[in-house]
Amino acid sequence: MSLDPTEPSQLIWATRGRLWGFRFLLNAGLTDPLPAYERAFEGLVDAPTVWHRVGQEVALRLLDPQGRRDSAGRVIPHEFVILGGLADSVGSVDDGMHQIWPLVEHAYASVWDSDTSPTSADLRFGP
Amino acid sequence: MANYPRVREQHIAVFGEAGSGKTVLVSSFYGPTQEGSYQNDLWDLVADETGSGIRLYQNYLGMRDSATAPMPTRFSTTTYYFSVKLKSGDDESAKKRPFDVLRLAWHDYPGEWFEADPSSTEERNRRTETFRSLLRSDVALLLVDGQKLLDYRGEEERYLKSLLGNFRQNLMRLKDDLLAEEGPLVEFPRIWILALSKADLFPSWDVDTFRDLVILKAADDLNRLRSTVEEFIDTPSALSMGDDYTLLSSAKFELKEDNADPVEIDLTKRVGLDLILPIASLLPLERRIQWQEKMELPRRVVDSLADGADVLAAALTGAKFTAVEQLLSKVTKSNKALKLATKALPVLVEAVKVTGPKLKEMNEQARARHNYLRAMLTQFKLDLEQGVSDKVIRTQK
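As they're listed, the protein sequences go chains A and B. Here my numbering is used: the first residue of the first sequence is 1, the next is one more, and so on. Here my numbering is used: the first residue of the second sequence is 1001, the next is one more, and so on.
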């Protein structure tokens, strides 16, 4: 369990860094977030941006707003499953960009260029 | 009809780090065969699962029409089953042929599974299962990322050592798990081809240039990897690693100068992809003969090497399948060395060793007689010959 009070608790967040590969940086308190992630994104096309609501959850995919790339030169995607009340206010990719991205951008900025994948202790969500 | 279609299945494992081009490769292998203008007078290539085929073709169209590379593969693996379906031919030759469909299983998975531990328990389980599947393949391609070689120009050994070292470490991690039940593995890829992906980045290179670089910069690491693989398998002398090399390029990527975004992806400029089917279907048979000529192999190993050699040999030479099958069965049962086996089985050796004008003649005859299976296999051999002559592939002599 994270000790960071600013860590978003209603988000699953999967992304990668420049050198480290795809992994979950937020798990919404789930032991294994992969099943929930796959349910949310099931059947969706591999488009660069996605917004899709299923019941109370929203699947959201954004390309990195700063255009950061992995070592192969691909712009890094960020994928979120938004749960609970947080999902109510996200009705589009644009909403996601304005409401969800600011919750994680600070944490991402400090780890995306690391040589190795970050641990939860490396992530600082507050400003 | 219960026995129709008769299917022969070959598995190919493509190992490569994230971003090394695995998904682009499989998309570019399949995509062109689905274009309206594509013609092949011998066979049709289809994806067994419609959804997978659509996804690959969508990747291909994205590259062709919008210069958009596929999204990275993440968290899960997909095994694409492709069927090479032979044209019908006349009833008689179609009825007699030992198989009607050559099926290729191609596993695609997230490259980072080679680089770090997954962040999810389920993903970790999938990784283990995927590696188990990959390591039961007939042939393995280990991708050397051309872009990384460029990034490390002048000190390529740093990248090559890291690639081969990471791969070796991952194998070591799986060793106990893989060997726990039965000890050294009989069924395991015994042909490991080092493949330079994104070879279009090196327009002046041929396969010898690539091979020389690997040997110059990373021979020790390759030997260490080979030693590690030897620890996994029954009869480690029957292993080719560091003997076979190829160039692969899924397309020619024109990139913007200020970033790595593609401006144009020219999928007509592919290198080596036409060799995938010949490699998967014929190289194991050829290697089996080479090894059996050099050494005595246990029957269990012979059986696992190019299982179905009888079928391929019969199809290539036009001999009666049942006769070849019986002969092979006798030889493998008696567990004799190949020197003897080759005497007993001229048909198998003939199938492997026929080359040049004779092979071309066989191909033309098979086409004229609408013997599509024989025409396809002789064409594969011709393609491999051409690949060697063009210096796109280099195989063990």
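All C-beta atoms in this analysis are idealised placements derived from N, C-alpha and C, irrespective of residue type, glycine included.
Cβ neighbours of residue i in the same chain (closer than 6 Å, five flanking residues each side left out)
{"i": "ASN1335 of chain B", "result": "Because the pLDDT of ASN1335 of chain B is 47, which lies under 50, any placement of that residue in the model is unreliable, and the number read from its coordinates should be weighed accordingly. Taken in chain order, the residues that qualify are ARG1299."}
{"i": "LEU1171 of chain B", "result": "THR1228"}
{"i": "GLU1009 of chain B", "result": "ARG1103"}
{"i": "PRO118 of chain A", "result": "VAL111"}
{"i": "ARG1136 of chain B", "result": "GLU1187"}
{"i": "LEU994 of chain B", "result": "Given a span of 1001 to 1397 for chain B in the structure shown, any question on residue 994 of chain B remains unanswerable."}
{"i": "PHE41 of chain A", "result": "ALA59"}
{"i": "GLY1019 of chain B", "result": "none"}
{"i": "ASP122 of chain A", "result": "VAL111"}
{"i": "PHE1075 of chain B", "result": "GLU1123"}
Pick from the options that is closest to residue i, judged by C-alpha positions
{"i": "GLU1385 of chain B", "options": "B:LEU1135, B:ASP1303, B:THR1355", "result": "B:THR1355"}
{"i": "ARG39 of chain A", "options": "A:HIS52, A:PRO118, A:GLY29, A:SER89", "result": "A:HIS52"}
{"i": "MET1241 of chain B", "options": "B:ASP1048, B:ILE1215, B:MET1362", "result": "B:ILE1215"}
{"i": "THR13 of chain A", "options": "A:HIS78, A:THR49, A:ASP46", "result": "It should be noted that the sequence gives Trp, not Thr, for residue 13 of chain A. It is A:HIS78."}
{"i": "GLU1156 of chain B", "options": "B:GLU1123, B:ARG1127, B:VAL1144", "result": "B:VAL1144"}
{"i": "SER92 of chain A", "options": "A:ARG18, A:ARG61, A:VAL75", "result": "A:ARG61"}
{"i": "LEU1134 of chain B", "options": "B:ASP1274, B:LEU1297, B:ASP1258, B:ALA1013", "result": "B:ALA1013"}
{"i": "VAL58 of chain A", "options": "A:ASP70, A:PRO102, A:SER9, A:VAL90", "result": "A:VAL90"}
{"i": "LEU1149 of chain B", "options": "B:ARG1190, B:SER1162, B:VAL1139, B:LEU1141", "result": "B:SER1162"}
{"i": "GLY1062 of chain B", "options": "A:ILE76, A:ASP46, A:PRO35", "result": "A:ASP46"}
{"i": "SER114 of chain A", "options": "A:GLU7, A:PRO48, A:ASP70", "result": "A:ASP70"}
{"i": "VAL1263 of chain B", "options": "B:ARG1064, B:GLY1031, B:LEU1056, B:ALA1047", "result": "B:ARG1064"}
{"i": "ILE1393 of chain B", "options": "B:ASP1208, B:ALA1351, B:GLU1296", "result": "B:ASP1208"}
{"i": "GLN1292 of chain B", "options": "B:VAL1349, B:ASP1206, B:ASP1261", "result": "B:VAL1349"}
{"i": "GLN1290 of chain B", "options": "B:LEU1305, B:ALA1280, B:SER1281", "result": "B:LEU1305"}
{"i": "SER1088 of chain B", "options": "B:SER1066, B:HIS1370, B:GLU1181", "result": "B:HIS1370"}
{"i": "THR1317 of chain B", "options": "B:LEU1142, B:ILE1054, B:ALA1047, B:LEU1377", "result": "B:LEU1377"}
Test: residue i CB closer than 7 Å to a CB of chain A
{"i": "ARG1074 of chain B", "result": "yes"}
{"i": "GLU1257 of chain B", "result": "no"}
{"i": "ALA1018 of chain B", "result": "yes"}
{"i": "THR1121 of chain B", "result": "yes"}
{"i": "ALA1116 of chain B", "result": "yes"}
{"i": "GLU1112 of chain B", "result": "yes"}
{"i": "PHE1015 of chain B", "result": "no"}
{"i": "SER1334 of chain B", "result": "Only weak support is given to the placement of SER1334 of chain B: the predicted model assigns it a pLDDT of 48, under 50, and the value that follows is read from those uncertain coordinates. No, its Cβ sits nowhere closer than 7 Å to a Cβ of chain A."}
{"i": "MET1071 of chain B", "result": "yes"}
Opening and closing residue of the beta strand (DSSP E) in which residue i lies
{"i": "TYR1372 of chain B", "result": "Unbroken run through TYR1372 of chain B is the alpha helix (DSSP H), 1372 to 1389; no beta strand (DSSP E)."}
{"i": "PRO1262 of chain B", "result": "1262 to 1266"}
{"i": "ILE76 of chain A", "result": "Premise fails: ILE76 of chain A is in no beta strand (DSSP E) and is neither H nor E."}
{"i": "ILE1233 of chain B", "result": "No beta strand (DSSP E) holds ILE1233 of chain B; DSSP gives it neither H nor E."}
{"i": "ARG61 of chain A", "result": "57 to 63"}
{"i": "PHE41 of chain A", "result": "Here PHE41 of chain A belongs to no beta strand (DSSP E); instead the alpha helix (DSSP H) covers 34 to 41."}
Span of the alpha helix (DSSP H), counted from its first residue to its last, around residue i
{"i": "ALA87 of chain A", "result": "84 to 88"}
{"i": "ARG1211 of chain B", "result": "1207 to 1230"}
{"i": "TRP101 of chain A", "result": "101 to 111"}
{"i": "THR1130 of chain B", "result": "1121 to 1134"}
{"i": "GLN1169 of chain B", "result": "1156 to 1179"}
{"i": "ILE948 of chain B", "result": "Any answer about residue 948 of chain B is impossible in this case: the structure gives chain B only from 1001 up to 1397."}
{"i": "PHE1015 of chain B", "result": "Element bounds for PHE1015 of chain B: not the alpha helix (DSSP H) but the beta strand (DSSP E), 1007 to 1015."}
{"i": "ARG1288 of chain B", "result": "1276 to 1294"}
{"i": "PHE1029 of chain B", "result": "1022 to 1030"}
{"i": "ASP1303 of chain B", "result": "1299 to 1304"}
Pair within 7 Å by beta-carbon distance, residue i and residue j
{"i": "GLN1396 of chain B", "j": "ASP1243 of chain B", "result": "yes"}
{"i": "TRP1113 of chain B", "j": "LYS1085 of chain B", "result": "no"}
{"i": "VAL1301 of chain B", "j": "ALA1199 of chain B", "result": "no"}
{"i": "SER1119 of chain B", "j": "ARG23 of chain A", "result": "yes"}
{"i": "ALA28 of chain A", "j": "LEU11 of chain A", "result": "yes"}
{"i": "PHE1210 of chain B", "j": "PRO1278 of chain B", "result": "no"}
{"i": "LEU1373 of chain B", "j": "ALA1314 of chain B", "result": "no"}
{"i": "VAL1139 of chain B", "j": "LEU1283 of chain B", "result": "yes"}
{"i": "ALA1195 of chain B", "j": "THR1121 of chain B", "result": "no"}
{"i": "GLY96 of chain A", "j": "GLU1115 of chain B", "result": "no"}
Chain B within 7 Å of residue i, Cβ atoms only
{"i": "GLY21 of chain A", "result": "yes"}
{"i": "LEU34 of chain A", "result": "yes"}
{"i": "ALA72 of chain A", "result": "yes"}
{"i": "SER117 of chain A", "result": "yes"}
{"i": "ASP46 of chain A", "result": "yes"}
{"i": "PHE80 of chain A", "result": "no"}
{"i": "PHE24 of chain A", "result": "yes"}
Beta-carbon proximity list for residue i, same chain, < 8 Å, skipping 5 on both sides
{"i": "THR1023 of chain B", "result": "ASN1059, PRO1070, PRO1072, THR1073, ASP1108"}
{"i": "TRP101 of chain A", "result": "LEU62, PRO65, HIS78"}
{"i": "ILE1276 of chain B", "result": "ILE1012, PHE1029, LEU1104"}
Heavy atom of the ligand GDP within 6 Å of residue i beta-carbon
{"i": "GLY1036 of chain B", "result": "Ligands displayed in this structure: none; no statement on the ligand GDP is therefore possible."}
Own chain residues within Cβ distance below 7 Å of residue i, not counting five before or after
{"i": "VAL54 of chain A", "result": "ALA40"}
{"i": "ALA1375 of chain B", "result": "LEU1042, ASN1363, ALA1366, ARG1367"}
{"i": "ILE76 of chain A", "result": "THR15, ARG16, ASP64, ARG68, ARG69, ASP70"}
{"i": "VAL1007 of chain B", "result": "PHE1099, VAL1101, ARG1103"}
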